[in-house]
Structure formats: C-alpha cells, structure tokens
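Colleague: Numbering (full-length UniProt numbering), first residue to last: 1 to 194. Even for Gly, the Cβ is constructed at its ideal location relative to N, Cα and C. This structure is in structure tokens; I'll ask about it shortly.
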Amino acid sequence: MRLVLLGPPGSGKGTQAARLKVELGVPHISTGDMLRAAVAAGTPTGLKAKAVMDAGKLVSDDILLAMLEERLSQDDVKNGFILDGYPRNLAQADALDHLLAKIGQPLDAVVKLDVPNAVIIGRCEIRFAAEHRKDDDPVVVRDRLKVYAEQTAPVADFFERRGKLQVVDGVGELDEVTGRVKRALDAGSAAANG
Ligand code: ADP
Numbered sequence: 001m002r003l004v005l006l007g008p009p010g011s012g013k014g015t016q017a018a019r020l021k022v023e024l025g026v027p028h029i030s031t032g033d034m035l036r037a038a039v040a041a042g043t044p045t046g047l048k049a050k051a052v053m054d055a056g057k058l059v060s061d062d063i064l065l066a067m068l069e070e071r072l073s074q075d076d077v078k079n080g081f082i083l084d085g086y087p088r089n090l091a092q093a094d095a096l097d098h099l100l101a102k103i104g105q106p107l108d109a110v111v112k113l114d115v116p117n118a119v120i121i122g123r124c125e126i127r128f129a130a131e132h133r134k135d136d137d138p139v140v141v142r143d144r145l146k147v148y149a150e151q152t153a154p155v156a157d158f159f160e161r162r163g164k165l166q167v168v169d170g171v172g173e174l175d176e177v178t179g180r181v182k183r184a185l186d187a188g189s190a191a192a193n194g
C-alpha cells in the first residue's frame, strides 16, 4: 500500500500514520520528522531548515525532493509506505508523481483528514504546551494554516482530479478516525479491483 496522508497541521496525520503502519505493515515517512531529525543532528539540511520551520513556512522544494528521493530508495519501502507531510504544494505533487513513475510505484490512495481550523488551533495549543515545538505557537499556527490554505489545499484538488482523493472526518476518538481511514482504503481498493 502506497498511501499519502493529507491534512492541515495538527489534523492527526502523524498520529494516524503511526497506527496505520502497524496494520498495513509499511513504514511511516514523515517529512516533518525527517527535517526535525536533521535539525537535531545539525546537518547542513537541518541548519538551512530550522528558521524556516520555526516560522511555519515551507522548506525549499529542492531539499525536500532530495530527502524524499533518498528515503524512497531504501529497501524497507519496497512493499509501500505512508507518506505524511509531502506533497505540500503543487510543485511537490508533480515531483512526487515523476519520482514514483520513475521507480514504478504509483500511489494507491490519498486520504485527507478533514478538521476545522478551530479544532486545529486547540490541538496545536495543547501540543505546544506539551512539546514546545516553536511552530505550534498559536501565532505561528495561524501562519501555517494560511500556508496550508494557499499552497497545500490545491494538492487535494490535484489528487481529486486524478480520482485518488478520499476525504475522512478527522474529528473524533483516535480509534474512530483510524477506522474511518481503513474503511476508506478498503472501499478504494474494492473499487480499483472492480
Ligand atoms: P504538521 O504535521 O504539524 O503539519 P510537520 O511535522 O509535517 O507538521 O511539518 C513541520 C514543518 O516542517 C512544516 O511547517 C515545514 O516547515 C516543514 N516541512 C515538512 N514537510 C515539508 C514539505 N513537504 N515541504 C516543505 N516544508 C516541509
């Protein structure tokens, strides 16, 4: 299963991916986690990315594509992956399309977690208090939601036009949301198999 999880910051992509990877038996690839690891390790990528991430802006497409290309060349993604945090704009959606075509591994599904902004803002406040991620500061969250609306929302339309997008209600108990995603994936693969 090659799956992209879409959704605004704090919509639960990371949380749901961590659960789904167990059920689907494929790795969870989070570009946010990869970037945070690069920042923590002080790599050249991390040094470039830190200020951009703290401000809630998008790290450059070049950096992301290089990171993703490397990750997707590793052995453990042979049977699929759950991609979380990428693509975040139309250029990245295009780049992913090309990259997956090149390695002969097209996407099976794209699931968007739908969560209203008021809920997002509340969740990020809670995460900020617990984890102190600079980009969860309420002021930065508003900027991230703007970046999402302007740059990432069109990515959902991109997949919708290809008939790949499924939208799932991301509000509710964790188990409930996981169940909804799994049902969406089952319905999608039943439709694909006729
Ligand atoms: P969340 O899940 O809360 O949206 P992430 O952990 O996915 O947050 O991402 C944190 C930050 O990492 C983003 O705000 C952005 O600065 C950077 N980032 C992650 N993925 C990408 C990407 N595909 N393109 C550009 N920047 C990215």
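Spatial neighbours of Arg180 within its chain, please: C-beta separation below 7 Å, excluding the five flanking residues on both sides.
Modeller: Reading the sequence shown from its first residue, position 180 is the one you call residue 180. Counting only Cβ-Cβ distances below 7 Å, and skipping sequence neighbours, we find Val168 and Asp169.
Colleague: Could you check if Arg144 belongs to the surroundings of ligand 1, using beta carbon to heavy atom distance under 7 Å?
Modeller: Counting from one through the sequence shown, the residue named residue 144 turns up at place 144. Flag set: Cβ of Arg144 near ligand 1.
Colleague: How far does the alpha helix (DSSP H) with Val39 in it reach, from first residue to last?
Modeller: Locating residue 39 in the sequence shown gives position 39, where the first residue counts as 1. Per DSSP, Val39 belongs to the alpha helix (DSSP H) from Thr31 to Ala41.
Colleague: Taking C-alpha atoms, which residue in Gly7, Gln105, Asp135 and Gln16 lies nearest to Lys50?
Modeller: Taking the first residue of the sequence shown as position 1, residue 50 is located at position 50. Here the closest residue by C-alpha is Asp135.
Colleague: Consider the C-beta atom of Gly188 and the heavy atoms of ligand 1; say whether any pair is separated by less than 7 Å.
Modeller: Walking along the sequence shown from the start, residue 188 turns up at place 188. No, the Cβ of Gly188 stays beyond 7 Å of every heavy atom of ligand 1.
Colleague: With distances taken from CA atoms, which of Asp54, Asn89, Gln74 and Ala40 is nearest Leu64?
Modeller: Counted from its first residue, the sequence shown places residue 64 at position 64. The shortest Cα separation from Leu64 among Asp54, Asn89, Gln74 and Ala40 belongs to Asn89.
Colleague: Taking 7 Å as the cut-off, does the CB of Lys57 come closer than this to any heavy atom belonging to ligand 1?
Modeller: In the sequence shown, counting from the first residue as 1, residue 57 sits at position 57. Yes, Cβ of Lys57 sits closer than 7 Å to a heavy atom of ligand 1.
Colleague: Assign Ala55 to one of three DSSP states: helix, strand, or coil.
Modeller: Within the sequence shown, residue 55 is the residue found at index 55, counting from 1. Correct three-state label for Ala55: coil.
Colleague: How long is the line joining the alpha carbons of residue 195 and Thr31, rounded to whole angstroms?
Modeller: No information on residue 195 is available, as it lies outside the stretch 1 to 194 that the chain covers here.
Colleague: Got a sec: does ligand 1 put a non-hydrogen atom nearer than 7 Å to the Cβ of Thr31?
Modeller: The residue you call residue 31 lines up with position 31 of the sequence shown. Checking every heavy atom of ligand 1 against the Cβ of Thr31, one is found closer than 7 Å.
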